[in-house]
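**Q**
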Amino acid sequence: MSLSLNGLSNDRRVSRQIAIGVFCVFLSGGLEAADWSIWRGPARNGIADETNWNPAAIDGGAKIAWKKNVGQGDSAVSVDSGRLFTMGNRQKRDTISCLAARTGTPVWEHSYACKPGSYPGPRATPVLDGGNVYTLGRDGQLLCLGADDGKVIWERNVRDEFGAKAVRWGFASSPYIDGDVVLVNVGRYGVAVNKKDGKKVWASPSDTCGYATPVLFDHGGQRIAAMFGAKALYAVDAGSGKLLWSVGWETSYDVNAADPIVSGDRVFISSGYNRGGTLLEMGPAGAKKLWENKNMRCHFGTCVLLEGYLYGIDGNTGKGSLKCVEFSTGKVVWEQKLGFGALMLAGRRLIVLNERGQLFIADAVPTGYKELSQCLALPSKGAKCWTAPVLCNGYIYCRNSRGDMVAVDVSE
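Per our numbering, residue 40 is the first one in the sequence shown, and the count goes up by one each step.
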């Protein structure tokens, strides 16, 4: 089998396809259950239903299946059909990478010119849909590529084309695919384009956006997009872009970054810089606050909600703690000082990666912090682990801001 490598083209784009990498995907086992092909997982809630893993596997140290540098940035991973997708910045070019999920072998890459910026690199996570991968760059580059080969199907700059204002640390919204529409948090309360050709469906007024990903849900017979903007939470008709209602929420530096959490007719939002969080109850024409306090201050990472309790990282970079907070009241149930970081949930097990690269696995129970195992998964001197870990098919994928990525084997 020959190696096929397409080098740099004369324009600003490069798409490299590595045939041997594709071969390795099939050698490594092909399609497995429990893919994680979109931001925050199949249910978009940060929770995996995976059972084929061992929470005690990291006791005594991490078993690293592979390690690779994917470029500067904080993009998480999506895993689909034995392939892993992520983004990073190398030499002033944003790069979308497709790797064999079991080996880290490159399958293809596509890059385009983009200055790395302050706290360098892309923040959004690629999402998979219908054999394509969709990405958003820190300067508004929205792309649709073939997942098999990385060839560009369409691309457009949603910042420039819709007159959206640039954000200080780059656009961070992962694309949200809803039917035939791609939504991103750009402009005052979002932009929507057709997923097949990238043509405009609707666009909100020019303004600064927040850093969170849209969250879509059904309420009162409407399909609603919750957009956590720079100054407010916006509820938008997902089909037309019509603003339904908003609740003001201002945070230092406009860093509203954690995704809203929707449960029934209630929405939880939270921000760092000592802003805190609030639980809203939605009605026919708006939303009212049920409670507001400073018990959960999510700087970047989004909480997970399980059986009436929020589990999340409270506090800003450099300091933080894992907390369990009662959803209905906002009361702190327990707190464990693990440091700042991000998390996900697998069944009833919390998987927490702190910014120093320490990995913790604990029971998600309101009775107290019950650690099962921990290890130093990704030594990150000079870099920070702010990206949520992802468990998929027996591997936990961890990444730091320098672009170092490891696959930690926790298979049974």
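Glycine included, C-beta positions come from ideal geometry on N, C-alpha and C.
A quick note: this is a predicted structure, and the numbers were derived from the prediction, not measured.
Across which residues does DSSP place Met335 in a beta bridge pair?
**A** The residue given as residue 335 occupies position 296 in the sequence shown. In the DSSP output, where bridge partners are listed per residue, Met335 has none listed.
**Q** At the level of alpha carbons, what is the spacing between Ser419 and Asp443?
**A** Within the sequence shown, numbered from 1, the residue matching residue 419 stands at position 380. Within the sequence shown, numbered from 1, the residue matching residue 443 stands at position 404. Whole-angstrom Cα-Cα distance: 8 Å.
**Q** Exposed or buried, what is Asp304 when buried is set at 16 or more other beta-carbons lying within 10 Å of its beta-carbon?
**A** As a first step, residue 304 is located in the sequence shown; it is residue number 265 there, counting from the start. Exposed: under 16 other Cβ atoms inside 10 Å.
**Q** Between Ala101 and Trp147, what straight-line distance do the alpha-carbon atoms span, to the nearest angstrom?
**A** By 1-based counting over the sequence shown, the position of residue 101 is 62. By 1-based counting over the sequence shown, the position of residue 147 is 108. So the alpha carbons of these two residues sit roughly 28 Å apart.
**Q** Would you say Ala95 and Leu411 are within 8 Å of each other, going by their C-beta atoms?
**A** On the sequence shown, position 56 is the one that residue 95 refers to. On the sequence shown, position 372 is the one that residue 411 refers to. Taking 8 Å as the Cβ cut-off, Ala95 and Leu411 qualify as a contacting pair.
**Q** Could you compute how far the alpha carbon of Gly359 sits from the alpha carbon of Cys342?
**A** Locating residue 359 in the sequence shown gives position 320, counting from the first residue. Locating residue 342 in the sequence shown gives position 303, counting from the first residue. Using only the alpha carbons, I get a separation of about 13 Å.
**Q** Who are the near neighbours of Lys107 in its chain, counting only those whose CB is closer than 6 Å to its CB and skipping five residues on each side?
**A** Translated into the one-based positions of the sequence shown, residue 107 becomes position 68. Contacts found: Gly143 and Met444.
**Q** What do you reckon, are the CB atoms on Val275 and Gly218 nearer than 8 Å?
**A** Reading the sequence shown from its first residue, position 236 is the one you call residue 275. Reading the sequence shown from its first residue, position 179 is the one you call residue 218. By the CB criterion at 8 Å, Val275 and Gly218 fall outside the cutoff.
**Q** Give me the DSSP bridge partner(s) of Trp92.
**A** Locating residue 92 in the sequence shown gives position 53, where the first residue counts as 1. Paired residues: none, contrary to the question.
**Q** Going by CA-CA distance only, name the one from Asp133, Gly226, Val240 and Ser213 that's closest to Val220.
**A** Counted from its first residue, the sequence shown places residue 220 at position 181. The shortest C-alpha separation from Val220 is found at Val240.
**Q** Nearest to Ile300 by CA position, among Leu318, Gly278 and Glu451, is which residue?
**A** On the sequence shown, residue 300 is found 261 positions in, with the first residue counted as 1. Residue Leu318 is the option with its Cα nearest to Ile300.
**Q** Am I right that Cys437 and Leu398 are in contact with their C-beta atoms under 8 Å? What's the rounded C-beta distance?
**A** Here residue 437 refers to the residue found at position 398 when the sequence shown is read from its first residue. Here residue 398 refers to the residue found at position 359 when the sequence shown is read from its first residue. Yes, Cys437 and Leu398 are in contact; Cβ-Cβ is about 7 Å, under 8 Å.
**Q** Any idea if Glu289 is buried or exposed, counting beta-carbon neighbours within 10 angstroms, 16 or more meaning buried?
**A** Stepping through the sequence shown from its first residue, residue 289 is reached at position 250. The residue in question, Glu289, is exposed, as its Cβ has fewer than 16 Cβ neighbours within 10 Å.
**Q** Under the rule that 16 or more other beta-carbon atoms within 10 Å means buried, what is Tyr348, buried or exposed?
**A** Here residue 348 refers to the residue found at position 309 when the sequence shown is read from its first residue. When all chains shown are included, Tyr348 counts as buried.
**Q** Would you check if the distance between the CB atom of Asn355 and the CB atom of His338 is smaller than 8 Å?
**A** On the sequence shown, residue 355 is found 316 positions in, with the first residue counted as 1. On the sequence shown, residue 338 is found 299 positions in, with the first residue counted as 1. Cβ distance < 8 Å, so Asn355 and His338 count as in contact.
**Q** Does the contact criterion of 3 or more C-beta pairs under 8 Å hold for the region 152-170 versus the region 196-204?
**A** no
**Q** Are the beta-carbon atoms belonging to Val429 and Val172 less than 8 Å from one another?
**A** Sequence index remark: in the sequence shown, residue 429 carries index 390 (1-based). Sequence index remark: in the sequence shown, residue 172 carries index 133 (1-based). No. Outside cutoff.
**Q** Is any heavy atom of the ligand NAD found at a distance shorter than 7 Å from the C-beta of Cys342?
**A** You won't find the ligand NAD in this model; it holds no ligand whatsoever.
**Q** Return the chain-ordered ranges of every alpha helix (DSSP H) run that is complete within the region 188-233 and spans a minimum of 4 residues.
**A** Runs found: 197-200.
**Q** Mind checking who Asn355 pairs with in its DSSP beta bridge?
**A** Start at 1 with the first residue of the sequence shown, and residue 355 comes out as number 316. DSSP lists no partner for Asn355.
**Q** In whole angstroms, what is the alpha-carbon distance linking Pro161 and Thr125?
**A** By one-based count along the sequence shown, residue 161 stands at place 122. By one-based count along the sequence shown, residue 125 stands at place 86. The alpha-carbon atoms of Pro161 and Thr125 are separated by roughly 10 Å.
**Q** Pull up the distance between the alpha-carbon of Tyr250 and that of Asn224, whole angstroms please.
**A** Locating residue 250 in the sequence shown gives position 211, counting from the first residue. Locating residue 224 in the sequence shown gives position 185, counting from the first residue. Rounded to the nearest angstrom, the two C-alpha atoms are 7 Å apart.
**Q** I think Gly112 touches Ser367, with their Cβ atoms under 8 Å apart; what is that distance to the nearest whole Å?
**A** Numbered from its first residue, the sequence shown carries residue 112 at position 73. Numbered from its first residue, the sequence shown carries residue 367 at position 328. Wrong, their Cβ atoms sit about 37 Å apart, outside the cutoff.
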